[in-house]
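Those protein sequences? They're chains U and W, same order as listed.
The first sequence begins at -13 in my numbering and counts up one residue at a time.
The second sequence begins at 215 in my numbering and counts up one residue at a time.
First up is the structure itself, then whatever we jot down about it.
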Amino acid sequence: MADTVSLLRRLILESPPGEWAVNQLRELLIGALKQGPIPQHVAFEMDGNRRYARSRRMETVEGHHRGFEALARIMEICYKCGVKVVTVYAFSIENFNRPKYEVEGLMQLAKVKLEQLTTYGDILDRYGACVRILGQRELIREDVLEVMDKAVARTKHNKKRLTVWLRAVLNICFPYTSRAEMTTAIRSTVQEFLSPTPPKNTPFSPSRIRQKILSNQLDGREPLPTIPDEPLDDVEFDDNDSSSTTLPPDSPEPRLLTRSGSYGSTALPNPDSITVDTIERHIYTADDPPLDIFVRTSGVERLSDFMLWQCHQDTHIFFRKCLWPDFDLKDFIWVLLEWQWRQKQSDRENSSVKARTNKARSMME
Amino acid sequence: MPMSVKDTKAYRADEQHGHHLLTEAQRQAIFKASLPSPNDGQAAVNNKAGQAQRRSRLGVRRFLKNQIFVFVFAVMHGIFSLYIKSRQTWHGVAYQISSILYYHHATPQYIRRDIMGLSKKPKHLSAILKTEGKHRAKNDIDRLIEETAELATWCACAEIPMLSIYEKSGVLKKHMPRVYEAVIQKFTFYFGTEHPTLSVTSPHQDDFPTRMLEESRHGHLQLHLISYQDGRESIVDLTRTLADMSQRGKISPRDISQELVDAELSEGIFPEPDLLILFTPYVELSGYPPWQIRLTEIFCLQDNETFGYQVFLKALRNFASAQMRRGK
């Protein structure tokens, strides 16, 4: 009985009119979703390809291919809805521990798909689409890297156009872990603060400004909101400069004096001016809007080293039971609907709080 | 790409044969058939002039289409909020029942019996507690401290050696002595005089002087309090320190490795927890330290808004059944 039902279902759905109807329905749903608020940036952790392959008795690599098809489907939905940036976790640094055959298959998959992307680049131009690879480049094999660079370069100019034209950015995290990303960001921030600021040619004299600020401070007013500064008491370093004499001769000269002293041409920027934004600029997704939705499939309720820096604040995190190759509009629509619903809910709360405070204020008056 | 079945089959066959089966033209045909049309805005820019005379007819059609979309959107959200409301009600009732079924009766033996069957336990448990609103701040602090004390006691009963509590505003950290007193009181209430020892710690602060007794045979619980500034801000602080050190020539940027950062952050702030419990209706981390949640199992009861023992128990059960694969 169940067999005949599923056969009938397949017959109807796979016939041309059935397909047409399903497509029409998809269009309708996507068009309707577009009427509400739309997330700017969505991240997917594409988990479950191997379990899918195992349950269907396929080869693991075949499962990854199905996963790619699902990615293409989701990309299309996101594009039609108007999501600006999609970030996907394609390959983790930890994944290098997998069987060699599988790693090879994944590399091949990435290579072939990106090669196709470059050959059909003109089609992509029509969409204003742009591909970026995020991750530890040095871990990628030579030939794959070459193809990647080509694909990125081919679609890069799409970004430069007017912002209205930039419709879709796909960030592929390939070998990526979030901790490596944060470490890289810290390292490059430190690097940035090692190079002296170029002497600026401005009509404003720094000494005059400092004078002004000092006199302001003497008046007892705080000119700028200062960042709360909690020293890490466990990081050991001695403040006296005596140890600099033990340095090897080729190490950089201790430039402490120039830093804290006058703003000469070789002055180093003060490390205290590092803020969250400074580090944020060195994070891979620096140019992208904040992450609104994080989706992980296959029922695992962990972040597994993906987008930690981006998603730990007010991102809505969704864990879904279904395996990634099965992930489609029928699953994603629930995520979007719930997100839109919560958005509406929080808007309502905010406005009611505002109304209450307004009322209180008017009562006071 | 809503490809037709025929195209999908051809595409998959081609893939299996290493992309030699189809010719370039065939492949492109499949490609083109399955591509969506570019978004409207762009098309409008492209051929604004050419379509000017046809606009009136197209405008009506587009208007109708939009009306349909708006209508479907309203219907969809109507149905969805109905669904959500009934789901919330259902979950609310279910959680009420399970909170009656699973109750600790303030006896460590009961809790131990609940935990006994589990194949593994977290060594480091973490939880996010939330302040409710700005008004009635005093009640809020009392509630937070009470919840912290309860959670700490359950952990002590379950023999989990470390508990870290995240509270965004850091109000718990300000009241460390009160937290300590409250937990000890709860311990005495549950265990009697023979209760486990406790130490309350927090990053950026001197350890609260606890009456360190000799290791009691009832175990020891470390209660760690963290707040928003232990998240991104602590990474910024570390970067400042590292930048300062490299400006003085004490380290080179090349020395900054993931291991170094991890060692600093897990010693200076707190190590990675095994399990994170949320008492919110949905998963939102609200600024929880990003470095430390890498492989943490996140547990959140859908639509649950209450703090209770049943959430704690369900989280532990869920943790025991989860498997770690670490990218393999």
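We put the beta carbon where it would ideally sit given N, CA and C, even for glycine.
Look at Phe416 of chain U and Ala457 of chain W and say whether their C-beta atoms are less than 8 Å apart. No statement about residue 416 of chain U is possible, as the shown extent of chain U runs from -13 to 351 and does not include it.
Coil, strand or helix - Leu315 of chain W by DSSP: For this step, residue 315 of chain W is matched to residue 101 along the second sequence. Three-state result, Leu315 of chain W: helix.
With 8 Å set as the bound, which would you pick, yes or no: does the beta-carbon of Phe179 of chain U sit closer than that to a beta-carbon of chain W? As a working note, residue 179 of chain U is residue 193 in the first sequence. By this cut-off, Phe179 of chain U is an interface position.
Looking only at its chain, what residues have a beta carbon closer than 6 Å to the beta carbon of Arg52 of chain U, apart from the 5 residues adjacent to it on each side? Translated into positions along the first sequence, residue 52 of chain U becomes position 66. Same-chain partners within the cutoff: Pro311.
Hey, how far is the Cα of Pro214 of chain U from the Cα of Leu452 of chain W? Numbered from its first residue, the first sequence carries residue 214 of chain U at position 228. Numbered from its first residue, the second sequence carries residue 452 of chain W at position 238. Legend: pLDDT at Pro214 of chain U = 46, less than 50; position of this residue unreliable, no value from coordinates given.
Use the C-beta contact count for Val72 of chain U: other C-beta atoms within 10 angstroms, 16 or more gives buried, fewer gives exposed. For this step, residue 72 of chain U is matched to residue 86 along the first sequence. Per the 10 Å Cβ criterion, buried.
Can you give me, in chain order, the residues of the region 437 to 453 of chain W that have a beta carbon less than 8 Å from any beta carbon in chain U? Gln443, Gly445, Arg446, Glu447, Ser448, Ile449, Val450, Asp451, Leu452, Thr453
Under three-state DSSP, which class holds Ile355 of chain W? The residue given as residue 355 of chain W occupies position 141 in the second sequence. Ile355 of chain W falls in the helix class under three-state DSSP.
Could you round the C-beta distance between Trp368 of chain W and Leu294 of chain U to whole angstroms and report it? I think they count as a contact, below 8 Å. In the second sequence, residue 368 of chain W corresponds to position 154, counting from 1. In the first sequence, residue 294 of chain U corresponds to position 308, counting from 1. Actually they do not touch by this definition, with Cβ atoms about 28 Å apart.
Of all Cβ atoms in chain W, is any one closer than 8 Å to the Cβ of Asp(-11) of chain U? In the first sequence, counting from the first residue as 1, residue -11 of chain U sits at position 3. With 8 Å as the cut-off, Asp(-11) of chain U does not count as an interface residue toward chain W.
Using a Cβ-Cβ cut-off of less than 7 Å, list which residues of the region 31 to 65 of chain U approach chain W; keep chain order. His51, Ala58, Arg59, Glu62, Tyr65
Taking any Cβ of chain W, which residues in the region 306 to 320 of chain U have a Cβ under 8 Å from it, in chain order? none
Expressed to the nearest angstrom, what Euclidean distance is found between the alpha-carbon atoms of Gln299 of chain U and Asp291 of chain U? Here residue 299 of chain U corresponds to residue number 313 of the first sequence, with the count starting at 1. Here residue 291 of chain U corresponds to residue number 305 of the first sequence, with the count starting at 1. Each residue's Cα considered, the two are about 15 Å apart.
Any beta carbon from chain U within less than 8 Å of Leu456 of chain W's own beta carbon? Here residue 456 of chain W corresponds to residue number 242 of the second sequence, with the count starting at 1. Answer yes: the Cβ-Cβ gap between Leu456 of chain W and chain U drops below 8 Å somewhere.
Going by CA-CA distance only, name the one from U:Arg306, U:Leu95, U:Asp273, U:Pro275 that's closest to Cys514 of chain W. Taking the second sequence and counting its residues from 1, one reaches residue 514 of chain W at position 300. For Cys514 of chain W, the nearest C-alpha among the options comes from U:Arg306.
Any Cβ of chain W within less than 8 Å of the Cβ of Asp129 of chain U? For the purposes of this step, residue 129 of chain U is identified with residue 143 of the first sequence, where counting begins at 1. Not one chain W Cβ lies under 8 Å of Asp129 of chain U.
Quick one: does Phe294 of chain W have its CB under 8 Å from some CB of chain U? By one-based count along the second sequence, residue 294 of chain W stands at place 80. So yes, Phe294 of chain W belongs to the interface.
Can you give me the Cβ contacts of Ile16 of chain U inside the same chain, cut-off strictly under 7 Å, excluding the 5 residues immediately before and after it? The count along the first sequence starts at 1 and reaches residue 16 of chain U at position 30. Taken in chain order, the residues that qualify are Ile63, Lys66, Cys67.
Contact with chain U by Pro504 of chain W, beta-carbon distance below 8 Å: For the purposes of this step, residue 504 of chain W is taken as residue 290 along the second sequence, with counting starting at 1. Yes, Pro504 of chain W counts as interfacial toward chain U.
Residues in the same chain with beta-carbon distance under 6 Å from Val155 of chain U, minus the five sequence neighbours each way, listed in chain order, please. Sequence index remark: in the first sequence, residue 155 of chain U carries index 169 (1-based). Taken in chain order, the residues that qualify are Val71, Cys116.
Under 8 Å between beta-carbons, which chain W residues line up against Thr175 of chain U? List them in chain order, please. Taking the first sequence and counting its residues from 1, the one referred to as residue 175 of chain U is at position 189. Going along chain W in sequence order, the residues near Thr175 of chain U (Cβ under 8 Å) are Thr453, Ala457.
Within chain W, partners of Gln21 of chain U - CB distance below 7 Å: Your numbering for residue 21 of chain U matches position 35 in the first sequence. Phe283, Val284, Phe287, listed in chain order.
Just how far apart, CA to CA, sit Asp254 of chain W and Asp333 of chain U? Here residue 254 of chain W is taken as the residue at index 40 of the second sequence, counted from 1. Here residue 333 of chain U is taken as the residue at index 347 of the first sequence, counted from 1. For Asp254 of chain W, the pLDDT reaches just 47, beneath the cut-off of 50, and the residue's location in the model is therefore unreliable, although a value from the coordinates is still provided. Cα to Cα, the separation comes out at about 28 Å.
Beta-carbon separation (whole angstroms), Ile269 of chain U vs Thr175 of chain U, contact threshold 8 Å: The residue labelled residue 269 of chain U in the question sits at position 283 within the first sequence. The residue labelled residue 175 of chain U in the question sits at position 189 within the first sequence. Going by Cβ atoms, the distance from Ile269 of chain U to Thr175 of chain U rounds to 10 Å, so no, they are not a contact pair.
Give a yes or no on whether 8 Å exceeds the smallest Cβ distance from Val397 of chain W to chain U. If you number the second sequence from 1, residue 397 of chain W lands on position 183. Not an interface residue.
First and last residue of the alpha helix (DSSP H) that includes His51 of chain U? Position 65 of the first sequence, counting from 1, holds the residue named residue 51 of chain U. First-last of the alpha helix (DSSP H) with His51 of chain U: 46 to 67.
Neighbourhood of Asp224 of chain U by C-beta distance below 6 Å, restricted to the same chain and skipping five residues each side: In the first sequence, residue 224 of chain U corresponds to position 238, counting from 1. The predicted model places Asp224 of chain U with a pLDDT of 40, which falls under 50 and marks its position as unreliable, so this point remains unresolved.
What distance in whole Å lies between the Cβ atoms of Asp354 of chain W and Leu527 of chain W, which are believed to be in contact at a cut-off of 8 Å? Within the second sequence, numbered from 1, the residue matching residue 527 of chain W stands at position 313. Within the second sequence, numbered from 1, the residue matching residue 354 of chain W stands at position 140. Incorrect: roughly 25 Å between the Cβ atoms, too far for contact.
Is it buried or exposed, His418 of chain W, if we count other Cβ atoms within 10 angstroms and call 16 or more buried? Locating residue 418 of chain W in the second sequence gives position 204, where the first residue counts as 1. Counting Cβ neighbours within 10 Å, His418 of chain W comes out buried, since at least 16 surround it.
Residues bridged to Arg326 of chain W [DSSP beta-bridge criterion]: By 1-based counting over the second sequence, the position of residue 326 of chain W is 112. DSSP output for Arg326 of chain W lists no bridge partner at all.
Hey, would you say His338 of chain W sits closer than 8 Å to Tyr523 of chain W, going by beta carbons? On the second sequence, position 124 is the one that residue 338 of chain W refers to. On the second sequence, position 309 is the one that residue 523 of chain W refers to. No; because the gap between Cβ atoms is not below 8 Å, this pair is not in contact.
Label Lys220 of chain W either buried or exposed according to how many other C-beta atoms from any shown protein chain fall within 10 Å of its C-beta, with 16 as the threshold for buried. The sequence position of residue 220 of chain W within the second sequence is 6, counting from 1. Exposed: under 16 other Cβ atoms inside 10 Å.
Please list the segments of the beta strand (DSSP E) lying wholly inside the region 473 to 541 of chain W, counting only runs of 3 or more residues, in order along the chain. 489 to 492, 511 to 514
Grouping DSSP H, G and I as helix and E and B as strand, with all else coil, what is Leu309 of chain U? Counting from 1 along the first sequence, the entry for residue 309 of chain U is found at position 323. Leu309 of chain U falls in the coil class under three-state DSSP.
In chain W, which residues lie with their C-beta within 7 Å of the C-beta of Glu0 of chain U? As a position in the first sequence, residue 0 of chain U is number 14, starting the count at 1. Result: Val219.
For Leu439 of chain W versus Leu474 of chain W, is the C-beta distance shorter than 8 Å? If you number the second sequence from 1, residue 439 of chain W lands on position 225. If you number the second sequence from 1, residue 474 of chain W lands on position 260. Not in contact: Leu439 of chain W and Leu474 of chain W (Cβ atoms no closer than 8 Å).
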